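The sequence shown lines up with residues 30 to 394 when you count with the numbering used here.
Glycine included, each C-beta is placed from N, C-alpha and C at the ideal position.
For clarity, every value in this text was computed on a predicted model and none was experimentally measured.
Written out below as structure tokens is the structure these notes cover.
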Amino acid sequence: MLTDLIALIGTMKFEHPWLEDDFIEESQRIAHTDPGKKHHHVPRMYIQRWNVDGKVQPVQVDAQQAHQPQSPKEVAHQKNFYSLPAVDGTMDLPLKWIETHLGRIESECAHHLDALAAWGAGVVSDTALKRDLSIFLGLQVTRTVSNRQRTLVLVKGPDRAKRLFLKKANPQWSSAQIEESMNRRQDDPKHEALDLMISDVRNVVADALYQREWAVYRTESPLVTGDDPVVFLAGSPLPRSTSVGAMGSAVVLYSVGPHCLLAMLRPGLQHKGPYKLDTAETLSINTEIVAAATKTVFERPGDDIAVNIVVPTRAVVAELDDMQVHNLGDTEALQYLLQAATPHTRWTVDESAAPSWPVPRWYAG
Numbered sequence: 030m031l032t033d034l035i036a037l038i039g040t041m042k043f044e045h046p047w048l049e050d051d052f053i054e055e056s057q058r059i060a061h062t063d064p065g066k067k068h069h070h071v072p073r074m075y076i077q078r079w080n081v082d083g084k085v086q087p088v089q090v091d092a093q094q095a096h097q098p099q100s101p102k103e104v105a106h107q108k109n110f111y112s113l114p115a116v117d118g119t120m121d122l123p124l125k126w127i128e129t130h131l132g133r134i135e136s137e138c139a140h141h142l143d144a145l146a147a148w149g150a151g152v153v154s155d156t157a158l159k160r161d162l163s164i165f166l167g168l169q170v171t172r173t174v175s176n177r178q179r180t181l182v183l184v185k186g187p188d189r190a191k192r193l194f195l196k197k198a199n200p201q202w203s204s205a206q207i208e209e210s211m212n213r214r215q216d217d218p219k220h221e222a223l224d225l226m227i228s229d230v231r232n233v234v235a236d237a238l239y240q241r242e243w244a245v246y247r248t249e250s251p252l253v254t255g256d257d258p259v260v261f262l263a264g265s266p267l268p269r270s271t272s273v274g275a276m277g278s279a280v281v282l283y284s285v286g287p288h289c290l291l292a293m294l295r296p297g298l299q300h301k302g303p304y305k306l307d308t309a310e311t312l313s314i315n316t317e318i319v320a321a322a323t324k325t326v327f328e329r330p331g332d333d334i335a336v337n338i339v340v341p342t343r344a345v346v347a348e349l350d351d352m353q354v355h356n357l358g359d360t361e362a363l364q365y366l367l368q369a370a371t372p373h374t375r376w377t378v379d380e381s382a383a384p385s386w387p388v389p390r391w392y393a394g
């Protein structure tokens, strides 16, 4: 099954001007003299869709605590999140281009989100809009703090586990080819993680999203969004413990605005109306958004939704020290690598306590 999956991934490279070298090089030229600054891991132009009088409401999920409303520019950011090398060293200007690169894509896609909000409701048939937004949403998946943490586990993981993975994924490769791949790495783990942020979109995520059937749903009650705004639902009949990501999830959700939801169904599934979610269905969607968040959910001030949704605290994945890693066998090391780099449900302790998958009509073939 792993070989089949890797073979499928190998056919999925997504062709788009925003992923080509020319566009990237232009971003690097524009950013050459850009100073270090606050970098948003969720776009400001997106969060401000929930603003009232210029402010949004951040809510800490684990603590069920609402903070004072803040300007969108003051939330979901981290200083020099996309800058290299470490900020206490000499800054290499060409390596600060990713924030500029993302900003160029976001400026185009702000109009696309407006177009979705104006779509009304129903299946999205505009293929050009879908292609652009597949890049934007793919980057929404790979640019988050949680994805950075999981990627760094892979980047800094045991070499022998990586060799085992490469051998399984590429059975035709010689030992020399495996070593060449192992040696083709950046000196700085963060740099390698940023490279993977782009390549994962190009090679897997964008095409997996584009191939889905997209539809816009309206909601009777307001929606929230979070610091992991693209939400994957494995869906019935799979259990909550299953994580199948962009390729295998039955449904991918993205709040476009307080009353507008984009739902992307896996090929083979079809949208069945109505394209308006009632209050109970909207609450089930908000529960998934809150549960998917790493730390923070955003909503309109006064909606008071997230503080009233209770989900288990997110389990902390234990990191092994060098000695513990050294004592692992090859198979154990590979399992550790995959386990630590995979998103996990909040219902790890008692999966039976998890709510049913929302909107059952989405999972009927």
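- Here PHE52 is not bridged, per DSSP, to any residue.
- Residue environment: ASP82 is assigned as exposed (fewer than 16 neighbouring CB atoms within 10 Å of its CB, all protein chains considered).
- Within the same chain, and ignoring the five residues on either side of TRP376 in sequence, the residues whose Cβ sits closer than 7 Å to its Cβ are ARG269, PRO341, ALA382, ALA383.
- Around the CB of GLU103, fewer than 16 other CB atoms lie within 10 Å, so the residue is classed as exposed.
- For VAL245 against VAL153, the beta-carbon gap comes to about 6 Å, under 8 Å, which counts as contact.
- Residue environment analysis places GLY255 among the buried positions, since at least 16 neighbouring C-beta atoms fall within 10 angstroms of its C-beta.
- By the neighbour-count criterion, in which a residue is buried when 16 or more other Cβ atoms sit within 10 angstroms of its Cβ, ALA275 is buried.
- Classified as buried, HIS70 has 16 or more neighbouring CB atoms from the shown chains inside 10 Å of its CB.
- No residue range can be given for GLY331, since it is assigned to no beta strand (DSSP E) and is classified by DSSP as neither H nor E.
- Residue pairing by DSSP places SER284 opposite LEU290 in a beta bridge.
- Annotated as distal: ARG329 and CYS289, with beta-carbon spacing of 8 Å or more.
- In this structure ASP257 touches ALA322 by the C-beta definition: roughly 6 Å separates them, less than 8 Å.
- Taking every protein chain shown into account, the CB of GLU209 has fewer than 16 other CB atoms within 10 angstroms, so this residue is exposed.
- Cα atoms of LYS159 and ALA146: separation of roughly 14 Å, rounded to the nearest angstrom.
- Closest option to ALA190, judged by alpha-carbon separation, among GLU361, ALA335, SER100: GLU361.
- For ASP155, the closest alpha carbon among the candidates THR371, GLU242, MET74 is that of GLU242.
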